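Novice: Numbers in my numbering are just positions in the sequence shown, counted from 1, shifted up by 199.
Ideal placement from N, C-alpha and C gives every residue a C-beta, glycine not left out.
All values derive from a computational prediction rather than experimental measurement.
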Amino acid sequence: MASLIRITVRSSAAMPSDVSPRLLLCNPMVRFRRFHVRRHSLAVLAIAAAACTPGSDAAPETTQAASTTTFPALDQSDGILTIGLLLPSSNPTLGQGLIDAANIAVDRINDAGGVLGRNVRVVEQDEGLGDGTAAASIAALLESTPSVDAVIGPSSSLVALSQLDTLVAAGIPSCSPTATALALDDFPDERLFFRTVPSDSLQAVAAADLAERTGVQDVAVVYIDDAYGRPFAAAVEDALAAGTRSVSRVETYGFVRTDGDLADKAQRVADSRARVAILLAGSDDGAAFLEALDDTSFGSITDIIVNDALRDPSITPRVEALDPALRALVRGVAPQAQSSDADRPFDPPGLFAAQAFDCVNLIALAAYSVDSDDPAEFASQIPALTVGGRVCLSFEACSVLLDEPLDINYNGPDGITELLVIGDPARARFDVFRFDDTGRAEFTQALVAARR
């Protein structure tokens, strides 16, 4: 495909926008060869878990870790795999489902014989809703007796960005089922942080896929001009440039939350050649731009693609108030939080429960594959368990294959679990949604996006 024509329009004086964390809540695809490790081998591969919220929390452009206690790298292997849960038990909407899913996974592992011939242990701490609680909870996990060998969480991208340093310094791998922030893609995690939910950089690919499927040549990328929106917009541009379909011209428009700038950018988009507009912002900022666009004639726009934040129920009345003609143009993409197939629901149920379930299974299978509960030995195995090899869907089935010994390709409840060497999902399933006449988001179809 020929190089894209890129045109960028930013606010003349970009004002800092409030960072709005989403309570439900990270580079190009690396292809790597699956190396086989026998269960009793002590070899550590150079394949490691790393980096990179349904919905991601906006993050400061230059991230500085909050003040944390530094723990020396833990050096212990007591023959019992101990998993810490750092999940928001104080947030019943999200947290309890994640905790239940993790505990169900542990119960099923133990029913299948456990790891190293012994039951997996669980230590729970509340992530809370901010750095203070999370920092204290991480300290408690690291100081617990027995100390943890791995952590499920944190769920929040903001907490991950501010607190991961402590876990990394202690040499403890962690897996987040919900932290999607693009800023986590390049976090210096020593390949000890991975996640089973797609990064916003993969959501950018999903948005680009949806735009390309319209067959148009001209696309406008509209974004909140802050540390959340700018890298998100760049990721969408990169995805469009890497595509093989019809898009040949991309115009980008950064906006800030002032009446004058919103109106100006909305009118510029309406006056542009774009047939598709991709809107990237938090729920409040995104709704504000749609309202500004509603005051124009929409120009030649036939499709508006929004990110997951605009599925927030809090903006339903504002979406309902839009001109029905504009509302009908809007579609969105969001990481799949629950099965879209009523006949095949995820087991266990709950928002992002499948992702928490996967985190536990991958940690347990990694420890099982090297016959050790030492994080220095098993952490690097995690990505390799999700590519190549024989497909298996549960800890019990996968452990039987490892005993053969055979390479495995673990696929969890949603049927797609594939991690890059850096620890990010290479592919993921997304929901495509529209808004009904009452402004409520409703699922229309599933879309699988893959790194380009």
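Among the residues of its own chain, which have a CB less than 6 Å from the CB of Gln-554, if the five just before and after it don't count?
Specialist: Pro-376, Thr-395, Val-396
Novice: Does the Cβ-Cβ distance between Tyr-422 and Ala-480 come in under 8 Å?
Specialist: In this structure, the beta-carbon distance from Tyr-422 to Ala-480 falls below 8 Å.
Novice: I need the boundaries of the alpha helix (DSSP H) containing Pro-574, first residue and last residue.
Specialist: 574–577
Novice: Is it true that the CB of Leu-328 sits closer than 8 Å to the CB of Pro-190?
Specialist: Here the chain has residues from 200 to 651 only, and residue 190 is not among them.
Novice: For Asp-602, collect the residues of the same chain with a Cβ closer than 6 Å to its Cβ; drop the 5 residues on either side in sequence, then sort them by chain order.
Specialist: There are no such residues.
Novice: Under the assumption that Val-529 contacts Ile-562 (Cβ atoms under 8 Å), give the Cβ distance between them as a whole number of angstroms.
Specialist: Going by Cβ atoms, the distance from Val-529 to Ile-562 rounds to 39 Å, so no, they are not a contact pair.
Novice: May I ask you to report which of helix, strand or coil DSSP gives Tyr-567?
Specialist: helix
Novice: Beta-carbon within less than 6 Å of Ala-434's beta-carbon, same chain only, minus the 5 sequence neighbours each way: which residues are those?
Specialist: Ser-400, Ala-403
Novice: If you check the beta carbons only, do Gln-324 and Gly-370 fall under 8 Å apart?
Specialist: no
Novice: For Ala-487 and Leu-461, I'd like the C-alpha separation in whole angstroms.
Specialist: 8 Å
Novice: Using the Cα positions of Val-159 and Ala-304, report the straight-line distance between them to the nearest angstrom.
Specialist: Because residue 159 is not part of the residues shown, which for the chain are 200 to 651, the question remains open.
Novice: Taking the C-alpha atoms as reference points, what is the distance between Phe-632 and Ser-571?
Specialist: 44 Å
Novice: Using the rule of at least 16 other Cβ atoms within 10 Å of the residue's Cβ for burial, across every protein chain shown, is Thr-261 buried or exposed?
Specialist: For Thr-261, the predicted structure reports a pLDDT of 37, less than 50, and the residue's modelled location is therefore unreliable. The matter cannot be settled from this model.
Novice: Answer with buried or exposed for Ala-257, where buried requires no fewer than 16 other C-beta atoms within 10 angstroms of its C-beta.
Specialist: Only weak support is given to the placement of Ala-257: the predicted model assigns it a pLDDT of 40, under 50, and the question is left unresolved by the model.
Novice: What are the start and end residues of each continuous alpha helix (DSSP H) run of 4 or more residues lying completely inside the stretch 283–330, in chain order?
Specialist: 294–310
Novice: Could you give the DSSP three-state label for Phe-682: helix, strand or coil?
Specialist: Only positions 200 to 651 of the chain appear in the structure, and residue 682 is not among them; the question remains open.
Novice: Nearest CA to the CA of Ser-356: which residue from Asp-540, Val-367, Asp-384?
Specialist: The residue among Asp-540, Val-367, Asp-384 with its C-alpha nearest the C-alpha of Ser-356 is Asp-384.
Novice: In whole angstroms, what separates the C-alpha of Asp-635 from that of Arg-526?
Specialist: 8 Å
Novice: Report the residue from Pro-534, Ser-538, Ser-361 whose alpha carbon sits nearest the alpha carbon of Gly-549.
Specialist: Ser-538
Novice: Could you pull out every residue in the same chain whose Cβ sits closer than 8 Å to the Cβ of Arg-320, ignoring the five residues on either side in sequence?
Specialist: Ile-279, Leu-280, Thr-281, Ile-282, Pro-345
Novice: Out of Glu-595, Phe-556, Pro-624, state which residue places its alpha-carbon closest to the alpha-carbon of Ala-583.
Specialist: Ranked by Cα distance from Ala-583, the options Glu-595, Phe-556, Pro-624 are led by Pro-624.
Novice: Once you ignore the five residues that flank Ser-276 on each side, which residues in its own chain have a CB closer than 7 Å to its CB?
Specialist: Ser-571, Asp-572, Asp-573
Novice: So, Leu-605 versus Gly-588, is the Cβ gap smaller than 8 Å?
Specialist: yes
Novice: Secondary structure at Ser-356, three-state DSSP: helix, strand or coil?
Specialist: helix
Novice: Along the alpha helix (DSSP H) that carries Leu-519, what are the first and last residues, could you check?
Specialist: For the sequence presented, residue 519 should be read as Glu rather than Leu. Where Glu-519 is concerned, the enclosing alpha helix (DSSP H) stretches over 515–519.
Novice: Taking the alpha-carbon positions, what's the Gly-638 to Asp-299 distance?
Specialist: 32 Å
Novice: If you count every other CB in all the chains shown that lies within 10 Å of the CB of Ala-407, and 16 or more means buried, which is it?
Specialist: Classification of Ala-407: buried, given that the 10 Å Cβ count is 16 or more.
Novice: Beta carbon of Ile-621, beta carbon of Arg-390: below 8 Å?
Specialist: yes
Novice: Along the chain, where does the alpha helix (DSSP H) containing Leu-401 start, and where does it finish?
Specialist: Per DSSP, the continuous alpha helix (DSSP H) segment holding Leu-401 begins and ends at 399–411.
Novice: Tell me which residues share the same chain as Pro-353 and place their Cβ nearer than 7 Å to its Cβ, disregarding the 5 neighbours each side in the sequence.
Specialist: Only Leu-285, Glu-326, Ala-333, Ala-359, Gln-362, Ser-375, Ala-378 meet the Cβ criterion.
Novice: Do Leu-297 and Ala-552 have their CB atoms nearer than 8 Å?
Specialist: yes
Novice: Skipping 5 residues on each side, what residues in its chain have a beta carbon closer than 7 Å to that of Asn-302?
Specialist: Counting only Cβ-Cβ distances below 7 Å, and skipping sequence neighbours, we find Val-321.
Novice: Would Ala-640 and Gly-531 be called neighbours here (beta carbons separated by less than 8 Å)?
Specialist: yes
Novice: What does a CB cutoff of less than 6 Å around Cys-251 pick up in its chain, not counting 5 residues either side in sequence?
Specialist: Caution applies to Cys-251, whose pLDDT of 33 falls short of 50 and renders its modelled position unreliable; the value that the coordinates give is listed next. Around Cys-251: Cys-225, Leu-383, Asp-384, Ser-398, Asp-623.
Novice: For the stretch 489–506 against the stretch 460–474, are there 3 or more C-beta pairs whose distance is under 8 Å?
Specialist: yes
Novice: Nearest to Leu-509 by CA position, among Ile-337, Leu-478, Ile-204, is which residue?
Specialist: Put simply, of Ile-337, Leu-478, Ile-204 the residue whose alpha carbon is nearest the alpha carbon of Leu-509 is Leu-478.
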